[in-house]
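Novice: Protein chains in written order, with the numbering used here: chain A, 1 to 314; chain B, 1001 to 1343.
The structure follows.
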Amino acid sequence: MSFDTPEGEVSAVTGLNIDVAHGETLAIVGESGSGKSQSFLATMGLLTRNGHATGRAMLDGKDLLAMDRNELDKHRGREISMVFQDPMTAFNPMLRLSRQLTETLAIHKGLTQGAAHIQAIEMLERVGIPDPEKRIATYPYQLSGGMRQRAMIAMALLCRPKVLIADEPTTALDVTIQAQILELFADLKREFGMALVLITHDLGVVAALADRIAVMYAGRIVEEASCDELFERPRHPYTRALLQSTPRADEDAATLYVIPGQPPNLQRLPAGCSFMPRCPSAVESCRLAPPPLEPVARDHKAACFRARELEEMV
Amino acid sequence: MNADPAEAGEGPLLEVSNLSKEFFIAGSIFGGMRKLSALSDISFSVTKGETLAIVGESGCGKSTLGRTILRLIESTDGQILWEGKDLAAFDDETLRMQRRNMQIIFQDPIASLDPRMTVGQIIGEPLTIFEKTLSKAERAEKIRAIMTTVGLTPEMVNRYPHEFSGGQAQRIGIARALVSRPDLLICDEPVSALDVSIQAQIINLLIELKQQFQLTMLFISHDLSVVRYIADRVLVLYLGRVMEIAPKSKLFSTPMHPYTRALLSAAPVPNPRLARERKRIPLEGDIPSPLNPPSGCVFRTRCPFAREKCAESRPQLRPLDTGQKVACHFAEELAQEVKDMVQ
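Structural data, given as structure tokens:
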């Protein structure tokens, strides 16, 4: 996936292969510029005009990237939907919730206004909005941040999608509200059985919720493993560094590990491994070509030439 | 908790007593102003060389508190003593000169830098105010030195803020704050806008600088995990009131206020087994509006342990045997109950 910029074409995501099964929670973890959000905006047809995505994004055997706008509209919002970091920008500020929530049901399910209204209220109640009959008549700005996020989740779930993509859904929220929303995701997942793609920069947020985690750096997946495996036996030096530099409220530690340097400029990526300039374990061969994402253990892949030999250093 | 002056060899650097700040905001279109109590009856002191973290969620007043101490916002009531002298009594010129001793860095590093000034001008600005007698060469040397200290290359001195990443911009903000050699550095969410890997760089830098410059710090943050690395003591705010003040080790091992406990149990833990197993203290609902705070204890509407008394009378901040101060009627009683629940 790439973007046209005044400085030429910039590749934002390269060779991304990822799948998510029915009912599975996949977390995509990375820092700014890692391509974690862009990858999934592309599958929803939401790239900005200067963005291009090539490849395939298959939803139950149908390629979302190959669809024209009309066809895509039949799927997004219905079979695959998305919630964003900032609900204020996802809602139309000028319209009452009722209009925005019932629209989805009218378009995708052909429900009458009355039936859609009832379903919308039920969904608001399901996501924990008190007094939903009253709240549905309000404008988005009249809700608190946490309530807005719940309302956006309700909107995304109205058509019972097979896949819900949540892009930093709790980043803008206070910590006690974040805990509420994460618990809500866990409940909804159990109840609706949808696949959940959770995009975040925060390893702490995904620890309780994810089944599988993919870590992205500079537009590539550098490591992918089941949740426990990734936290307990990280193989990629970036994943390890990220874990060691994440502050923890649950234990005392003298100092934080620091990843030296800056995330790479996507316009001037090194020829070899993108993480090499910051990697404590880099060797000469890391300069030559980007390491492929390869199996290193059961349910565990890493894109590092030294992943196997570094294993014992954990 | 007041520092023991005998032990420290001197009085506190900063002493805040009964500080309150009210804002009046426009009510309905039919007129009338509504009172918003951003801070109510805040008292604490900070000794020289200490880092006090001020923790709370949105609307708790933590940023207002930082700004009020600097007199960027005037308080409504209460007293702020700086080295024993009343800050409010300072005239404008004295206050201005006193500010070289108290500096602040902000959350949004790029927005807090003037886009039309070079890095050198930004960092050097405090010197033009506080050290007017410096020669050009001396000034340039001071700017170079502080840039190196905070991890910036002095060759960048003629660049503009937009050419820097968020992490570097925060280093510029730190350099600007430290160039006048302040005693007190107020850090207002200095790492919350940064990526994890950059956040760790800035946290470690602040810890280093604290030693090197013998800084006293007020570290304002919503994030207890960051606070755990940097603070000596922690003050927990909720809706403009102090819920608990405790030495860091006490706060994390035996928090005494139900809100502190809830905050700790809500903090994400990057450990799947622990994250799944640990029990949360559920906090229902939203933070109430500061325009209409609950009667009695302001936390009672979300407190899972609230009783009748909590609505009737406001708990005062009181010292416990454990060395912490807490504003909860039932802190001792609840301590065991909550412990059982969480473990």
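Beta carbons are placed, not taken as given, at the ideal position from N, Cα and C, and that holds for glycine.
Would Leu317 of chain A and Pro1270 of chain B be called neighbours here (beta carbons separated by less than 7 Å)?
Specialist: Past the boundaries of the shown model lies residue 317 of chain A; chain A is included only from 1 to 314, so the question cannot be answered.
Novice: Could you check whether the Cβ of Pro247 of chain A sits closer than 7 Å to any Cβ belonging to chain B?
Specialist: Here residue 247 of chain A refers to the residue found at position 247 of the first sequence. Judged by the 7 Å Cβ criterion, Pro247 of chain A is in contact with chain B.
Novice: Could you tell me which chain B residues have their CB closer than 8 Å to the CB of Gly146 of chain A, listed as they occur along the chain?
Specialist: Indexing the first sequence from 1 puts residue 146 of chain A at position 146. By Cβ distance, chain B contributes Asp1286.
Novice: Name the chain A residues that come within less than 9 Å of Ile1172 of chain B, Cβ to Cβ?
Specialist: Start at 1 with the first residue of the second sequence, and residue 1172 of chain B comes out as number 172. What Ile1172 of chain B touches in chain A: nothing, since even the nearest Cβ is about 14 Å away.
Novice: Can we count Ser98 of chain A as close to the ligand COA, meaning its CB is less than 6 Å from some heavy atom?
Specialist: No copy of the ligand COA occurs in the structure displayed, which carries no ligand at all.
Novice: Answer with yes or no whether the minimum CB distance from Phe231 of chain A to chain B is below 7 Å.
Specialist: Walking along the first sequence from the start, residue 231 of chain A turns up at place 231. Phe231 of chain A counts as touching chain B.
Novice: Could you tell me the boundaries of the beta strand (DSSP E) in which Leu1274 of chain B lies?
Specialist: The residue you call residue 1274 of chain B lines up with position 274 of the second sequence. Segment Pro1272 to Glu1277 is the alpha helix (DSSP H) holding Leu1274 of chain B; no beta strand (DSSP E) there.
Novice: Less than 6 Å between C-beta atoms, sequence neighbours within five positions excluded: which residues of the same chain meet that for Gly1084 of chain B?
Specialist: Looking up residue 1084 of chain B in the second sequence gives position 84. The answer, listed in chain order, is Gly1011.
Novice: Identify every run of the alpha helix (DSSP H) within the stretch 1048-1125 of chain B, keeping only runs that are complete inside it and at least 4 residues long; order them along the chain.
Specialist: Listed in chain order, the complete alpha helix (DSSP H) runs (minimum 4 residues) inside the stretch 1048-1125 of chain B are 1062-1069 and 1092-1098.
Novice: For Asp299 of chain A, which three-state DSSP category applies?
Specialist: Residue mapping note: residue 299 of chain A aligns to position 299 of the first sequence, counting from 1. Three-state result, Asp299 of chain A: coil.
Novice: Using the C-alpha atoms, what's the distance from Ile213 of chain A back to Lys162 of chain A?
Specialist: As a first step, residue 162 of chain A must be located in the first sequence, where it is residue number 162. As a first step, residue 213 of chain A must be located in the first sequence, where it is residue number 213. So the two alpha carbons sit approximately 19 Å from each other.
Novice: Between which two residues does the alpha helix (DSSP H) harbouring Val1227 of chain B extend?
Specialist: Position 227 of the second sequence, counted from the first residue, corresponds to residue 1227 of chain B. Its alpha helix (DSSP H) spans residues Leu1224 to Ile1230.
Novice: Considering Cα atoms alone, identify which of B:Pro1182, B:Asp1108 and B:Leu1185 is closest to Pro1161 of chain B.
Specialist: Against the second sequence, residue 1161 of chain B aligns to sequence position 161. That would be B:Asp1108, whose Cα lies nearest to the Cα of Pro1161 of chain B.
Novice: Which residues in the same chain as Thr1051 of chain B place their Cβ atom closer than 7 Å to its Cβ, once the five residues preceding and following it in sequence are excluded?
Specialist: The residue labelled residue 1051 of chain B in the question sits at position 51 within the second sequence. The answer, listed in chain order, is Lys1210, Met1217, Phe1219, Ile1230, Ala1231 and Asp1232.
Novice: Which residues does DSSP pair with Ile984 of chain B in a beta bridge?
Specialist: The displayed coordinates of chain B run from 1001 to 1343. Any statement about residue 984 of chain B would go beyond what the structure contains.
Novice: Less than 8 Å between the CB atoms is what I'm expecting for Val1196 of chain B and His201 of chain A, so what's the real figure, rounded?
Specialist: The residue labelled residue 1196 of chain B in the question sits at position 196 within the second sequence. The residue labelled residue 201 of chain A in the question sits at position 201 within the first sequence. Sure, about 6 Å apart at Cβ, within 8 Å.
Novice: Measure the alpha-carbon distance for Met67 of chain A versus Leu164 of chain A and round it to whole angstroms.
Specialist: Counted from its first residue, the first sequence places residue 67 of chain A at position 67. Counted from its first residue, the first sequence places residue 164 of chain A at position 164. When rounded, the separation of the alpha-carbon atoms in Met67 of chain A and Leu164 of chain A is 19 Å.
Novice: Can you list, in chain order, the residues of its chain whose CB lies under 6 Å from that of Asp1286 of chain B, leaving out five sequence neighbours each side?
Specialist: Along the second sequence, one-based indexing puts residue 1286 of chain B at 286. Counting only Cβ-Cβ distances below 6 Å, and skipping sequence neighbours, we find nothing.
Novice: Since Val83 of chain A sits in a beta bridge, which residues does DSSP pair it with?
Specialist: To locate residue 83 of chain A, count along the first sequence from 1; it is residue 83. Partner(s): A:Ala166.
Novice: Counting only beta-carbon atoms, is Pro1270 of chain B nearer than 7 Å to chain A?
Specialist: The sequence position of residue 1270 of chain B within the second sequence is 270, counting from 1. Chain A contact via Cβ: present.
Novice: Pull up the DSSP beta-bridge partners for Val215 of chain A, would you.
Specialist: Locating residue 215 of chain A in the first sequence gives position 215, where the first residue counts as 1. A:Val29 and A:Glu223, per the DSSP bridge assignment.
Novice: Mapping the DSSP letters down to three states, classify Lys1132 of chain B as helix, strand or coil.
Specialist: Along the second sequence, read from residue 1 onward, the residue named residue 1132 of chain B stands at position 132. The answer is coil: DSSP assigns Lys1132 of chain B none of H, G, I, E or B.
Novice: Taking the C-alpha atoms as reference points, what is the distance between Leu198 of chain A and Met216 of chain A?
Specialist: Position 198 of the first sequence, counted from the start, is the residue given in the question as residue 198 of chain A. Position 216 of the first sequence, counted from the start, is the residue given in the question as residue 216 of chain A. Taking the straight line joining both Cα atoms gives about 13 Å.
Novice: Could you check what DSSP says for Ser2 of chain A in three-state terms: helix, strand or coil?
Specialist: Position 2 of the first sequence, counting from 1, holds the residue named residue 2 of chain A. Of the three classes helix, strand and coil, the one that applies to Ser2 of chain A here is strand, per DSSP.
Novice: Where do the N-terminal and C-terminal ends of the beta strand (DSSP E) with Tyr257 of chain A fall, by residue?
Specialist: By 1-based counting over the first sequence, the position of residue 257 of chain A is 257. For Tyr257 of chain A, there is no enclosing beta strand (DSSP E), since its DSSP letter is neither H nor E.
Novice: Name the one or two DSSP bridge partners that Ile1042 of chain B has.
Specialist: To locate residue 1042 of chain B, count along the second sequence from 1; it is residue 42. Ile1042 of chain B is bridged to B:Leu1019.
Novice: CB-CB under 6 Å to Ala1275 of chain B, same chain, minus the five flanking residues each way: which ones, in chain order?
Specialist: On the second sequence, position 275 is the one that residue 1275 of chain B refers to. Only Val1269 meet the Cβ criterion.
Novice: Leaving out five residues before and five after Tyr238 of chain A in sequence, what residues of the same chain have Cβ atoms less than 6 Å from its Cβ?
Specialist: On the first sequence, residue 238 of chain A is found 238 positions in, with the first residue counted as 1. Result list for Tyr238 of chain A: Tyr217, Val222 and Phe275, in chain order.
Novice: Where does His108 of chain A sit, in a helix, a strand or coil, going by DSSP?
Specialist: The residue given as residue 108 of chain A occupies position 108 in the first sequence. Helix at His108 of chain A.
Novice: Within a Cβ cutoff of 7 Å, which residues of the same chain sit near Arg56 of chain A, ignoring the five residues on either side of it in sequence?
Specialist: The residue labelled residue 56 of chain A in the question sits at position 56 within the first sequence. Closer than 7 Å at Cβ, skipping near neighbours: Asp63 and Leu65.
Novice: Work out the CA separation of Cys304 of chain A and Ala289 of chain A for me, nearest whole Å.
Specialist: Stepping through the first sequence from its first residue, residue 289 of chain A is reached at position 289. Stepping through the first sequence from its first residue, residue 304 of chain A is reached at position 304. Their Cα atoms are separated by approximately 11 Å.
Novice: Would you say Tyr1229 of chain B lies against chain A (beta-carbon separation less than 7 Å)?
Specialist: In the second sequence, residue 1229 of chain B corresponds to position 229, counting from 1. Closer than 7 Å to some Cβ of chain A, the Cβ of Tyr1229 of chain B qualifies, so yes.
Novice: Consult DSSP for Glu1244 of chain B and reduce its assignment to one of helix, strand or coil.
Specialist: One-based indexing of the second sequence puts residue 1244 of chain B at position 244. Reduced to three states, the DSSP call for Glu1244 of chain B is strand.
Novice: Ile1203 of chain B touches chain A at which residues, Cβ-Cβ below 8 Å?
Specialist: Taking the first residue of the second sequence as 1, we reach residue 1203 of chain B at position 203. Simply Pro247 and Leu256.
Novice: Once you ignore the five residues that flank Ala1006 of chain B on each side, which residues in its own chain have a CB closer than 6 Å to its CB?
Specialist: Translated into positions along the second sequence, residue 1006 of chain B becomes position 6. In this prediction, Ala1006 of chain B scores a pLDDT of 40, lower than 50, which makes its location untrustworthy; the coordinate-derived value is nonetheless stated afterwards. Once the five neighbours on either side are set aside, Ala1006 of chain B has no close Cβ partner at all.
Novice: Going along chain B in order, which residues have a C-beta closer than 9 Å to the C-beta of Glu31 of chain A?
Specialist: Counting from one through the first sequence, the residue named residue 31 of chain A turns up at place 31. By Cβ distance, chain B contributes Asp1195, Val1196, Ser1197 and Ile1198.
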